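A.B. asks: Residue numbers (numbering that gives the first Met the number 0), protein chains in the order written: chain A, 0 to 257; chain B, 0 to 170. Ideal Cβ placement from N, Cα and C applies to all residues, glycine included. Since we're looking at a predicted model, the values are computed, not measured.
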Amino acid sequence: MTGQLAPRKRTLRLSTRLEMIVRSLFIQATNNYERMLSFGFLFALWPALKFIYPDAESRRRAAIRHLAFFNTQPYFANCILGVVTQAELRGGEDVAGEVASIKEAMMGAFGALGDDLFWAGLMPAAALLALIIYGLAPEYALVGAVAALVAYNGFHLWARVRMFAVGLRLGRHITNYLRLLRLPQFVVTVKVAAAFLLGIFAAVVVWRGGVSASWVVGGVAAAAAVGATAFLQYLRLRPGLCWYFVVAAAVVVGAWIR
Amino acid sequence: MGQIPVGAYVPPSAPLTAAAAVGLAVPAGVPLAVRAVLAAAAAIPVGVAAGKLDLWIKVRNVGILHRAENDLLDNRPHALGGAVVRGVATFFLKDFLLLLVAVFLGAAVLGVVLPRVPEAWYRGFEVAFVVSPAVGVAAALRTYWRRRNALAFAVGAAAAALALTIFTIAL
Numbered sequence: 000m001t002g003q004l005a006p007r008k009r010t011l012r013l014s015t016r017l018e019m020i021v022r023s024l025f026i027q028a029t030n031n032y033e034r035m036l037s038f039g040f041l042f043a044l045w046p047a048l049k050f051i052y053p054d055a056e057s058r059r060r061a062a063i064r065h066l067a068f069f070n071t072q073p074y075f076a077n078c079i080l081g082v083v084t085q086a087e088l089r090g091g092e093d094v095a096g097e098v099a100s101i102k103e104a105m106m107g108a109f110g111a112l113g114d115d116l117f118w119a120g121l122m123p124a125a126a127l128l129a130l131i132i133y134g135l136a137p138e139y140a141l142v143g144a145v146a147a148l149v150a151y152n153g154f155h156l157w158a159r160v161r162m163f164a165v166g167l168r169l170g171r172h173i174t175n176y177l178r179l180l181r182l183p184q185f186v187v188t189v190k191v192a193a194a195f196l197l198g199i200f201a202a203v204v205v206w207r208g209g210v211s212a213s214w215v216v217g218g219v220a221a222a223a224a225v226g227a228t229a230f231l232q233y234l235r236l237r238p239g240l241c242w243y244f245v246v247a248a249a250v251v252v253g254a255w256i257r
Numbered sequence: 000m001g002q003i004p005v006g007a008y009v010p011p012s013a014p015l016t017a018a019a020a021v022g023l024a025v026p027a028g029v030p031l032a033v034r035a036v037l038a039a040a041a042a043i044p045v046g047v048a049a050g051k052l053d054l055w056i057k058v059r060n061v062g063i064l065h066r067a068e069n070d071l072l073d074n075r076p077h078a079l080g081g082a083v084v085r086g087v088a089t090f091f092l093k094d095f096l097l098l099l100v101a102v103f104l105g106a107a108v109l110g111v112v113l114p115r116v117p118e119a120w121y122r123g124f125e126v127a128f129v130v131s132p133a134v135g136v137a138a139a140l141r142t143y144w145r146r147r148n149a150l151a152f153a154v155g156a157a158a159a160a161l162a163l164t165i166f167t168i169a170l
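1. Which residue marks the beginning of the alpha helix (DSSP H) containing Leu97 of chain B, and which one marks its end?
2. Assign Gly230 of chain A to one of three DSSP states: helix, strand, or coil.
3. Would you say the beta carbon of Trp206 of chain A is closer than 6 Å to some non-hydrogen atom of the ligand SAH?
4. Tell me the DSSP secondary structure of Asn31 of chain A in three-state form.
5. By alpha-carbon positions, which one of A:Arg207, A:Met122, A:Pro46, A:Asp115 ends up nearest to Phe185 of chain A?
6. I'd like to check one pair, Ile26 of chain A with Ala76 of chain A: are the Cβ atoms closer than 7 Å?
7. Please check if any C-beta of chain B sits within less than 7 Å of the C-beta of Asn70 of chain A.
8. Are the CB atoms of Ala201 of chain A and Ala124 of chain A nearer to each other than 7 Å?
9. Exposed or buried, His155 of chain A, counting other C-beta atoms within 10 Å across all chains shown (16 or more means buried)?
10. Please state the DSSP three-state secondary structure of Phe128 of chain B.
11. Identify the continuous alpha helix (DSSP H) that holds Pro137 of chain A and give its terminal residues.
12. Using DSSP with H/G/I as helix, E/B as strand and the rest coil, what is Phe42 of chain A?
13. Check each residue of the region 106-132 of chain B: if its Cβ is closer than 9 Å to any Cβ of chain A, include it; give the result in chain order.
14. Provide the residue(s) that pair with Phe69 of chain A in DSSP beta bridges, ordered along the chain.
15. Report buried or exposed for Ser23 of chain A, applying the criterion of at least 16 other Cβ atoms within 10 angstroms of its Cβ.
16. Shorter than 7 Å from the beta carbon of Glu33 of chain A to some beta carbon of chain B?
17. Could you tell me which chain A residues have their CB closer than 8 Å to the CB of Gly50 of chain B, listed as they occur along the chain?
18. Identify whether Leu13 of chain A lies in helix, strand or coil by the three-state DSSP scheme.
19. Straight-line CA distance for Ala157 of chain B to Leu17 of chain A?
20. Output, in chain order, the set of chain A residues within a Cβ distance shorter than 8 Å of Val66 of chain B.
21. Please confirm whether Leu71 of chain B has its beta-carbon closer than 7 Å to some beta-carbon of chain A.
22. Looking at the structure shown, is Tyr121 of chain B part of a helix, part of a strand, or coil, going by DSSP?
23. Chain B partners of Asn30 of chain A, CB-CB under 7 Å?
24. Taking only three categories from DSSP, how would you classify Gly107 of chain A?
25. What distance in whole Å lies between the Cβ atoms of Ala147 of chain A and Leu128 of chain A, which are believed to be in contact at a cut-off of 8 Å?
26. Could you check what DSSP says for Leu24 of chain A in three-state terms: helix, strand or coil?
27. Which same chain residues, not among the five before or five after Val102 of chain B, have their C-beta less than 7 Å away from its C-beta?
28. Near Leu130 of chain A, what residues of its chain come up, given a Cβ to Cβ distance below 6 Å and the 5 sequence neighbours on each side ignored?
29. Whose Cβ in chain A lies nearer than 9 Å to the Cβ of Ile165 of chain B?
30. Can you give me the C-alpha to C-alpha distance between Phe109 of chain A and Ala136 of chain A, rounded to a whole angstrom?
31. Can you confirm whether Phe195 of chain A, when its beta carbon is compared against all beta carbons of chain B, has any partner nearer than 7 Å?
32. Could you tell me if Ile63 of chain B is buried or exposed, where buried requires 16 or more neighbouring beta carbons within 10 angstroms of its beta carbon?
33. Please report whether the beta-carbon of Phe152 of chain B lies at a distance below 7 Å from any beta-carbon of chain A.
34. Using a 10 Å radius around the Cβ and a threshold of 16 neighbouring Cβ atoms, would you call Ala220 of chain A buried or exposed?
35. For the region 10-28 of chain B, which residues have a beta carbon sitting closer than 8 Å to at least one beta carbon of chain A?
36. By Cβ distance below 6 Å, which residues in the same chain neighbour Ser12 of chain B in space, the five residues on each side in sequence not counted?
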């Protein structure tokens, strides 16, 4: 018990921090419906726990308490990882309670914000970038795919490393830093940018229609497809099924107007 | 598009659908439009199956969690790494095997179907090939339908239409 209450108060070595960042890439490896990302989080935290708790028994106790339910957006989890590591390094009489409260307070907010930023904003924007390049110049399709992968993965990898480093440095004071970042406004900006790219892509789709068929066939067919899909989605049909209906209709109509 | 996993919703795996579609569309012999549309049609069920398998794996991972927890309680912390390797391997095998089976099986099926597509339908497939991305645009529009996003969409579309018109005239 004494070992658990009196951890070593030192800073982590660079190699330990790097190991934690690499391990954090596997945070979803054992994603499960009982405790979601808790095991992946513990896996990423383990090098720090080994450093903080040299005694095997106190390390085991610390590890067990990190297996409590934990779920957030996996990229933003690195920020929580940094803050929790700092709390563990600092130690104190109620480190377990402090760590639990940090995780509970941050995981919900980061979950919602991260889903909006990465899944609903950045990922579609990167995909649209590839599609626009393909639409404008099909011979550069590979360039488009690489550009999308670099844009998306480059940003999220940078964000993961940066958020871990800032979390580790600032600890609980990270809330002030995050307020300065204006993340909710940034999410709005990313989604507006994605909508702008979607507009460009829509124009490119109509333009390609004009190139490959005629402006009448391409433009009107694309507009009809958008209208039909919007209507089918209004009827709450799944996007995959919408695709089948609209494409089947296009095949029939296209063959008929031949 | 329209397949974006937000919150608790588990959609079909879009990357796997795309990879399967590319793999299926490669065999030559008939026009690109016919191959691409039929390949996409065959690939969508692969993405749906991957989504369902994801659910199953997340249920199965509860067992991995409990085993690892017992290992920790028994002072065998080295088992942590093994559990993560098993988790990664499961997700990898799921995607890899599913894609492998889907591409080979799908290619065999398309190999039978493609030569039987009447040439009269080629024009229909060309139109379907052109409108396919428009379905994605409509699905994505539903996701982004807020006033400020709609304005950004309109500005993007108008700017691109203007630029492309000038480009086409210049050509």
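C.D. replies: According to the structure data:
1. Counting from one through the second sequence, the residue named residue 97 of chain B turns up at place 98. Leu97 of chain B -> alpha helix (DSSP H) spans 78-112.
2. The residue labelled residue 230 of chain A in the question sits at position 231 within the first sequence. As written in the sequence, residue 230 of chain A is Phe, which differs from the Gly given in the question. If DSSP states are grouped into helix, strand and coil, Phe230 of chain A belongs with the helices.
3. The model on display carries no ligand, and the ligand SAH is accordingly not part of it.
4. Here residue 31 of chain A refers to the residue found at position 32 when the first sequence is read from its first residue. If DSSP states are grouped into helix, strand and coil, Asn31 of chain A belongs with the strands.
5. In the first sequence, the residue the question calls residue 185 of chain A occupies position 186. Cα-wise, what sits closest to Phe185 of chain A is A:Asp115.
6. Looking up residue 76 of chain A in the first sequence gives position 77. Looking up residue 26 of chain A in the first sequence gives position 27. Yes, these two residues count as a Cβ contact at 7 Å.
7. Within the first sequence, numbered from 1, the residue matching residue 70 of chain A stands at position 71. No Cβ of chain B is located within less than 7 Å of the beta carbon of Asn70 of chain A.
8. Working through the first sequence from its first residue, we reach residue 201 of chain A at position 202. Working through the first sequence from its first residue, we reach residue 124 of chain A at position 125. For Ala201 of chain A and Ala124 of chain A, no; Cβs fall outside 7 Å.
9. In the first sequence, counting from the first residue as 1, residue 155 of chain A sits at position 156. The residue in question, His155 of chain A, is buried, as its Cβ has 16 or more Cβ neighbours within 10 Å.
10. Position 129 of the second sequence, counted from the first residue, corresponds to residue 128 of chain B. Phe128 of chain B: helix per DSSP, three-state reduction.
11. Mapped onto the first sequence, residue 137 of chain A falls at position 138. In the DSSP assignment, Pro137 of chain A falls outside any alpha helix (DSSP H), carrying neither H nor E.
12. As a first step, residue 42 of chain A is located in the first sequence; it is residue number 43 there, counting from the start. If DSSP states are grouped into helix, strand and coil, Phe42 of chain A belongs with the helices.
13. Within the region 106-132 of chain B, the residues whose Cβ lies closer than 9 Å to some Cβ of chain A are Pro117, Ala119, Trp120, Tyr121, Arg122, Gly123, Phe124, Glu125, Val126, Ala127, Phe128, Val129, Val130, Ser131, Pro132, listed in chain order.
14. One-based indexing of the first sequence puts residue 69 of chain A at position 70. Answer is A:Met35, bridged to Phe69 of chain A.
15. If you number the first sequence from 1, residue 23 of chain A lands on position 24. Around the beta carbon of Ser23 of chain A, 16 or more other beta carbons lie within 10 angstroms, which makes this residue buried.
16. On the first sequence, position 34 is the one that residue 33 of chain A refers to. Answer yes: the Cβ-Cβ gap between Glu33 of chain A and chain B drops below 7 Å somewhere.
17. Here residue 50 of chain B is taken as the residue at index 51 of the second sequence, counted from 1. Neighbours of Gly50 of chain B on chain A: none; closest Cβ ~10 Å, over 8 Å.
18. Translated into the one-based positions of the first sequence, residue 13 of chain A becomes position 14. Helix.
19. On the second sequence, residue 157 of chain B is found 158 positions in, with the first residue counted as 1. On the first sequence, residue 17 of chain A is found 18 positions in, with the first residue counted as 1. Cα to Cα, the separation comes out at about 46 Å.
20. Against the second sequence, residue 66 of chain B aligns to sequence position 67. A small fix is needed here, since residue 66 of chain B is Arg in this sequence, not Val. What Arg66 of chain B touches in chain A: nothing, since even the nearest Cβ is about 10 Å away.
21. On the second sequence, residue 71 of chain B is found 72 positions in, with the first residue counted as 1. Yes - at least one Cβ of chain A is within 7 Å of the one on Leu71 of chain B.
22. For the purposes of this step, residue 121 of chain B is identified with residue 122 of the second sequence, where counting begins at 1. Helix at Tyr121 of chain B.
23. Within the first sequence, the letter at position 31 stands for residue 30 of chain A. Chain order gives the chain B residues near Asn30 of chain A as Lys57, Asn60, where near means a beta carbon separation below 7 Å.
24. Here residue 107 of chain A refers to the residue found at position 108 of the first sequence. If DSSP states are grouped into helix, strand and coil, Gly107 of chain A belongs with the helices.
25. Here residue 128 of chain A is taken as the residue at index 129 of the first sequence, counted from 1. Here residue 147 of chain A is taken as the residue at index 148 of the first sequence, counted from 1. Taking C-beta atoms under 8 Å as the contact rule, Leu128 of chain A and Ala147 of chain A qualify, at a distance of about 5 Å.
26. By one-based count along the first sequence, residue 24 of chain A stands at place 25. The three-state secondary structure of Leu24 of chain A, taken from DSSP, is coil.
27. Your numbering for residue 102 of chain B matches position 103 in the second sequence. The beta carbon of Val102 of chain B sits closer than 7 Å to the beta carbons of Ala19, Gly22, Leu23 from its chain, once the five residues preceding and following it are set aside; these are given in chain order.
28. Counted from its first residue, the first sequence places residue 130 of chain A at position 131. If we look at Leu130 of chain A and ignore the five residues flanking it on each side, its Cβ neighbours are Phe200.
29. Start at 1 with the first residue of the second sequence, and residue 165 of chain B comes out as number 166. Here the premise fails: no neighbours, minimum Cβ distance about 12 Å.
30. In the first sequence, the residue the question calls residue 109 of chain A occupies position 110. In the first sequence, the residue the question calls residue 136 of chain A occupies position 137. Going from the Cα of Phe109 of chain A to the Cα of Ala136 of chain A covers about 38 Å.
31. Counted from its first residue, the first sequence places residue 195 of chain A at position 196. It does; some Cβ of chain B falls within 7 Å.
32. Against the second sequence, residue 63 of chain B aligns to sequence position 64. Only buried fits Ile63 of chain B, as 16 or more other CB atoms lie within 10 angstroms of its CB.
33. As a working mapping, residue 152 of chain B is identified with position 153 in the second sequence. Judged by the 7 Å Cβ criterion, Phe152 of chain B is in contact with chain A.
34. For the purposes of this step, residue 220 of chain A is taken as the residue at position 221 of the first sequence. Residue burial annotation: Ala220 of chain A is buried, with at least 16 other C-beta atoms found within 10 angstroms of its C-beta.
35. For the region 10-28 of chain B, the set of residues with a beta-carbon nearer than 8 Å to any beta-carbon of chain A comprises Pro11, in chain order.
36. As a first step, residue 12 of chain B must be located in the second sequence, where it is residue number 13. Counting only Cβ-Cβ distances below 6 Å, and skipping sequence neighbours, we find Gly46, Ala49, Gly50.
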